[in-house]
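Numbering (the numbering used here), first residue to last: 37 to 260.
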């Protein structure tokens, strides 16, 4: 599957007019499962999930194989996107049984990722169901254990020294893994845990964007 095929399915999906997570959470999950099943039947493979929180509820947003981009020297046309976000993510093998979740979460190492966002595909879609916004993900190969920065049109510094920085992110991972087990998505996935500083719009991130840690450049994406 490619992005054109994906967009066509998402844009016209019958259950796509989500209005609220809090009012229709089960309906949204059911509609998501139907949409995911249709995409998988057309050849898509789930590689990861974005864990989205809204009003105390968590919902999963699937990331497919064709949305996973090379973390070095990827070029993206500025006209196709609305901006980028920097996130912490975790690679985690989702266990079959609920009592194995805690062990799986504790074994996962934090990575850094850039999420590339685009204008939403389906105009009726609810904001928190943001698989309508995904353009692509770039995930570092190496774990992150200390402060890092994004060198873009501006420079952004991210401090990991707060005692609960990774603790908070791991709590989001836990929610994501629990949801996968509850809904029957069992595999080795990466989990995005939420933006660290919001959307960096295209006019700011135009040009070279590098995530740099102690070991050098972890991610590079050029917006052209």
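For glycine and all other residues, C-beta sits at the position ideal for the given N, C-alpha and C. It should be emphasised that the depicted structure is a prediction, and the values quoted were computed from it without experimental measurement.
Simplified DSSP state of residue i, which is helix, strand or coil
i	result
residue 116	helix
residue 76	helix
residue 192	strand
residue 181	coil
residue 69	helix
residue 240	helix
residue 47	helix
residue 210	helix
residue 187	strand
residue 150	strand
residue 221	coil
residue 97	strand
residue 63	helix
Straight-line Cα distance separating residue j from residue i
i	j	result
residue 46	residue 80	13 Å
residue 109	residue 119	17 Å
residue 226	residue 91	24 Å
residue 71	residue 49	7 Å
residue 258	residue 149	15 Å
residue 112	residue 246	14 Å
residue 174	residue 151	7 Å
residue 256	residue 235	17 Å
residue 170	residue 69	17 Å
Limits of the beta strand (DSSP E) - the one that residue i falls within
i	result
residue 232	From DSSP, residue 232 is part of no beta strand (DSSP E); its letter is neither H nor E.
residue 244	243-249
residue 134	Unbroken run through residue 134: none, as it is neither H nor E.
residue 105	Here residue 105 belongs to no beta strand (DSSP E), and DSSP marks it neither H nor E.
Selected residue, minimal CA-CA separation from residue i, among the options
i	options	result
residue 147	75, 139 and 206	206
residue 180	41, 255, 37 and 249	249
residue 233	194, 94 and 217	194
residue 114	155, 94, 83 and 127	155
residue 186	130, 241 and 128	241
Any 3 or more C-beta pairs closer than 8 Å across the segment 114-133 and the segment 96-103: Fewer than three pairs of CB atoms, one per stretch, sit closer than 8 Å, so the segment 114-133 makes no contact with the segment 96-103.
The segment 191-205 contacting the segment 72-87, beta-carbon criterion three pairs below 8 Å: Not touching, per the Cβ criterion.
Inter-stretch contact at 8 Å, needing at least 3 Cβ pairs: the segment 207-227 / the segment 135-146: Note that the segment 207-227 touches the segment 135-146; at least 3 beta-carbon pairs, one per stretch, sit closer than 8 Å.
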